[in-house]
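Comments concern the structure below.
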Amino acid sequence: MSQKTSSCVREAVEQIEDLQNAVEEDCPAGCHSKLLSVSHSLGDTVPFAIFTSKSKPLVAFGNVGELDNGPCFNTVFFRVEKVHGSCATLSLLIAFDEHKHILDFTDKDTICEVFRLEKTHYCIEVDLDCFCAINCLNPRLINRTHHHS
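According to the working numbering, the sequence shown is numbered sequentially starting from 14.
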């Protein structure tokens, strides 16, 4: 194997998966436990965005055609569900503004309006070697209900 086989994005996603699994198994250990906190007050999800070589965030679509209850949406925020080799299953996180409106990420200005992220059962399969950057977000965005001062 050559040195080229390592991918910092893949390693980050694998670490996030390990952290989430540690919390889910009720056994956070080591220095990484600070991210999700021993008290579990930050939950079981590290939300993140990943970027292509063109510095564009990956955008995915959930509930296209509104076949399930709820609206169709797009998002740039994900939760890792499973890493298998250089591939990963990511679930889509739906983003809301402070007024509970779903945000549309075809408009660049909405990124700073994100107030709350919610887990969904919509997933996307990605090749982690196709991404150049990862941006981890604060786990407190998940199911946030009020402003923290």
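Ideal Cβ positions, reconstructed from N, Cα and C, are used throughout, including at glycine.
Could you give the distance in angstroms between the alpha-carbon of residue i and the alpha-carbon of residue j?
| i | j | result |
| --- | --- | --- |
| Glu79 | Asp117 | 16 Å |
| Phe128 | Leu71 | 20 Å |
| Asp31 | Ser20 | 16 Å |
| Lys113 | Cys143 | 33 Å |
| Asp110 | Glu126 | 5 Å |
| Leu150 | Thr123 | 15 Å |
| Asp66 | Asn148 | This sequence places Ser at residue 66; Asp is not what is there. Looking at the two C-alpha atoms, the distance is approximately 14 Å. |
| Asp120 | Ser99 | 30 Å |
My output table needs one value for residue i: the three-state DSSP class, helix, strand or coil.
| i | result |
| --- | --- |
| Pro152 | helix |
| Arg157 | coil |
| Ala146 | strand |
| Glu94 | strand |
| Cys100 | strand |
| Asn87 | strand |
| Thr123 | helix |
| Gly56 | coil |
| Leu80 | coil |
| Leu116 | coil |
| Glu131 | strand |
Compute the beta-carbon to beta-carbon distance between residue i and residue j, rounded to the nearest angstrom, for a pair I have assumed lies under 8 Å.
| i | j | result |
| --- | --- | --- |
| Thr58 | Ile155 | 5 Å |
| Pro60 | Arg92 | 6 Å |
| Ile63 | Ala146 | 7 Å |
| Ile115 | Ala73 | No, Ile115 and Ala73 are not in contact; Cβ-Cβ is about 14 Å, not under 8 Å. |
| Leu141 | Val26 | 6 Å |
| Ala108 | Phe90 | 6 Å |
Leaving aside the five residues before and after residue i along the sequence, list all residues of the same chain whose C-beta is less than 6 Å from its C-beta, in chain order.
| i | result |
| --- | --- |
| Gly75 | Phe86, Leu105, Thr133 and Tyr135 |
| Met14 | The pLDDT assigned to Met14 is 38, lower than 50, so where the model puts this residue is not dependable, and the model offers no usable value. |
| Gly83 | Asn76 |
Residue i: buried (16+ other C-beta within 10 angstroms of its C-beta) or exposed?
| i | result |
| --- | --- |
| Val3 | Residue coverage of the chain in this structure runs from 14 to 162, which leaves residue 3 outside it and unanswerable. |
| Val139 | buried |
| Val77 | exposed |
| Pro152 | buried |
| Gln33 | buried |
Flag residue i as yes if its beta-carbon sits less than 9 Å from any beta-carbon of chain B, otherwise no.
| i | result |
| --- | --- |
| Ser68 | Absent here is chain B; the protein component of the structure consists of one chain. |
Can you find the residues in the same chain that come closer than 8 Å, C-beta to C-beta, to residue i, ignoring five residues on each side of it along the sequence?
| i | result |
| --- | --- |
| Arg157 | Phe128, Arg129 and Leu130 |
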